[in-house]
Amino acid sequence: MAVVSLVKCGSYERKELAGAIEQSLENMGFCKERFAGARVAVKPNLLTVAEDESAVITHPEFFRAVVSIIKSCGGIPVLVESPAVHSLQRVIKKTGYAEVVREEKIEVADPSQVRTLYYENAQRFKYMDISSAYFDVDMIVALPKFKTHGITYITGAVKLLFGAVPGLEKSKMHLRLPGHTDFADFLLDFYGAMTFGFNPPKPILYVMDAIVALEGEGPGQSGRPKQMSTVAASMDGVALDWAAARVAGLDIDKAPTIVNGFARGVGVACAEDTEVVGEPLENLQIRDFVPAAGESLFSRSDRWPLNTETFKNLFVERPVPQPEVCTLCYECRKICPAGAIGAAIPGKNTPEYDYGICIRCYCCLEICPEGAIEKKKSRLHAFWAYLASCFTRPSRRASR
Ligand code: SF4
Ligand code: SF4
Numbered sequence: 000m001a002v003v004s005l006v007k008c009g010s011y012e013r014k015e016l017a018g019a020i021e022q023s024l025e026n027m028g029f030c031k032e033r034f035a036g037a038r039v040a041v042k043p044n045l046l047t048v049a050e051d052e053s054a055v056i057t058h059p060e061f062f063r064a065v066v067s068i069i070k071s072c073g074g075i076p077v078l079v080e081s082p083a084v085h086s087l088q089r090v091i092k093k094t095g096y097a098e099v100v101r102e103e104k105i106e107v108a109d110p111s112q113v114r115t116l117y118y119e120n121a122q123r124f125k126y127m128d129i130s131s132a133y134f135d136v137d138m139i140v141a142l143p144k145f146k147t148h149g150i151t152y153i154t155g156a157v158k159l160l161f162g163a164v165p166g167l168e169k170s171k172m173h174l175r176l177p178g179h180t181d182f183a184d185f186l187l188d189f190y191g192a193m194t195f196g197f198n199p200p201k202p203i204l205y206v207m208d209a210i211v212a213l214e215g216e217g218p219g220q221s222g223r224p225k226q227m228s229t230v231a232a233s234m235d236g237v238a239l240d241w242a243a244a245r246v247a248g249l250d251i252d253k254a255p256t257i258v259n260g261f262a263r264g265v266g267v268a269c270a271e272d273t274e275v276v277g278e279p280l281e282n283l284q285i286r287d288f289v290p291a292a293g294e295s296l297f298s299r300s301d302r303w304p305l306n307t308e309t310f311k312n313l314f315v316e317r318p319v320p321q322p323e324v325c326t327l328c329y330e331c332r333k334i335c336p337a338g339a340i341g342a343a344i345p346g347k348n349t350p351e352y353d354y355g356i357c358i359r360c361y362c363c364l365e366i367c368p369e370g371a372i373e374k375k376k377s378r379l380h381a382f383w384a385y386l387a388s389c390f391t392r393p394s395r396r397a398s399r
């Protein structure tokens, strides 16, 4: 049985936030004395340089509230993160984290040091390179931001741990696992490795920032902030993601890391094994949360002929930069694992995309600092989406 605490919290005002996080730990029965004398890796979502209020990153005041609790109990918090393109120092400097790290005197781990973690029950890769800082701590406190995601539908606790992979190595995993289902399975491998791979296993406490979440075309600047007024916490990331997705009123069956996470047993076995404590879920539920645009069946496969240029161009949404918004910063080009993005041709104000080799991982869309990239559907794709919706049946077990 997993326990998920839900607490209502409407803002990042320090006193209210500290009270909500303290209440979350109490609801879960988490003994704060566990922090005493412990070195604690604190892992927020610092995807990229973004405004604190953009909802792209875990809010710095949320991070402050958690490290303050750890310190007050005699623990030593260490900020551990490896952003996708920029250096960690740059992301800290350009966000509210600079002030918090300085004022709270927080140690920042060097993300360039890497060690290999082994997980026997992984389905894709058993060996995973992660930041070595995780090996040097007694426990991990993960601070996911609740956001929509173009491939995994949502990003929360399970996907946050993937941030332990250093920098651009993350986007290269899309090249090795271009099928969306395969990628979601790998995320669960990774979650399993972080949960069971250390010897002895390290406890992981998840405290989710769902106060202002991200809806629409998340998880980057193309999404929109959405008031959700929730702090969610658990020792089980799959159960936590399930509860947060329920609060957002999303279709659980579209979230492969939740559905397959339950099925594979990397967390609890199913939704029925999750006990929600604190604020009743129904009291927090919102009705107008906008998910990321749907995908076609073909976007889930990396097998011939569904992975051919013709099929992709006919049926799978393509990332298209908008000339009126693009600043030609080329962040998209740096992150593209397929090398599908070239320099702008003279007279054009956007990078040149080669859709023949683009694997539709949408890392470019995720990282674009201007939110300049849109997913564009072909007419056939729209027709296919209609047909697919006619044959899709929701599973009652996961949705409960
Ligand atoms: S599309 Fe976005 S990331 Fe790419 S060059 Fe333009 S502004 Fe930069
Ligand atoms: S162009 Fe964008 S969606 Fe296509 S492979 Fe590169 S990063 Fe992924």
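The numbering of the sequence shown is numbering that gives the first Met the number 0, which starts it at 0 and goes up by one. Where a beta carbon is used, it is the ideal one built from N, C-alpha and C, also for glycine.
Query                                                                                                       : Result
Threonine 273 - DSSP class collapsed to helix/strand/coil                                                   : strand
Beta-carbon proximity check, aspartate 188 vs arginine 123, cutoff 8 Å                                      : yes
Alpha carbon of methionine 27 to alpha carbon of glutamate 52, nearest angstrom                             : 28 Å
Beta-carbon spacing of asparagine 243, alanine 209 below 8 Å                                                : It is alanine, not asparagine, that sits at residue 243 in the sequence shown. Yes, the pair counts as a contact, with Cβ atoms nearer than the cut-off.
Threonine 47 Cβ short of 7 Å to ligand 1 heavy atom set                                                     : no
Run of the beta strand (DSSP E) containing serine 4, from where it starts to where it stops                 : 1-7
Cβ contact check for the segment 321-331 and the segment 274-294: 3 or more pairs under 8 Å                 : no
Any non-hydrogen atom of ligand 1 within 7 Å of tyrosine 361 CB                                             : no
Between the CA atoms of histidine 173 and valine 289 - distance to the nearest angstrom                     : 25 Å
The segment 229-245 / the segment 72-88 touching (three or more Cβ pairs under 8 Å)                         : no
Backbone CA spacing between threonine 356 and isoleucine 340 [nearest angstrom]                             : The displayed chain sequence assigns isoleucine, not threonine, to residue 356. If I take the Cα positions, the gap works out to 9 Å.
Contact set for tyrosine 205: own chain, Cβ-Cβ below 6 Å, skip 5 residues either direction                  : Ala141, Ala156, Ser233, Gly236 and Leu239
Nearest neighbour of threonine 349, chosen from Tyr361, Lys375 and Pro322 [CA to CA]                        : Pro322
Minimum C-alpha distance to glycine 9 - residue among Phe61, Leu45 and Ala40                                : Phe61
Which of helix, strand or coil DSSP assigns to arginine 286                                                 : coil
Endpoints, beta strand (DSSP E) assigned at proline 401                                                     : No answer is possible for residue 401: the residues shown for the chain start at 0 and end at 399.
Selection from Asp287, Met207, Ala183 and Glu271 that minimises the alpha carbon distance to asparagine 259 : Ala183
Arginine 395 burial status per 10 Å Cβ neighbour count (16 or more: buried)                                 : Low local confidence applies: a pLDDT of 41 at arginine 395 is under 50, so the model's placement there is unreliable, and no value is given.
Identified DSSP bridge partners for aspartate 128                                                           : Thr115
Cβ-based neighbour list, leucine 249, same chain, cut-off 8 Å, excluding 5 preceding and 5 following        : Tyr152, Ile153, Phe288 and Pro290
Closest by C-alpha distance to alanine 231, when choosing among Glu25, Met0, Glu351 and Glu12               : Glu25
Distance between leucine 116 and asparagine 198 (C-alpha atoms, nearest Å)                                  : 10 Å
Coarse secondary structure for methionine 193, derived from DSSP in three states                            : helix
Host beta strand (DSSP E) of lysine 146 (start-end)                                                         : 144-148
Boundaries (first-last residue) of the alpha helix (DSSP H) holding isoleucine 433                          : Past the edges of the chain, shown from 0 to 399, lies residue 433, and the structure says nothing about it.
Option nearest methionine 127 by Cα separation, candidates Val164, Ile105 and Lys146                        : Val164
8 Å Cβ shell around glutamate 274 - same chain, five flanking residues per side excluded                    : Met0, Ala1, Val2 and Val3
Inter-residue CB distance, valine 48 and threonine 94 (contact presumed, cutoff 8 Å)                        : 7 Å
Beta bridge counterpart(s) of alanine 232 as assigned by DSSP                                               : Ser4 and Val206
Enclosing beta strand (DSSP E) for lysine 375 [first to last residue]                                       : 372-375
Backbone CA spacing between valine 84 and glycine 162 [nearest angstrom]                                    : 12 Å
Three-way DSSP call (helix, strand, coil) for glutamine 122 in this model                                   : coil
Whole-Å CB distance - proline 218 paired with lysine 146, under 8 Å assumed                                 : 4 Å
Option nearest alanine 371 by Cα separation, candidates Ser221, Ile91, Ala19 and Ala108                     : Ser221
Limits of the unbroken beta strand (DSSP E) element including arginine 38                                   : 38-43
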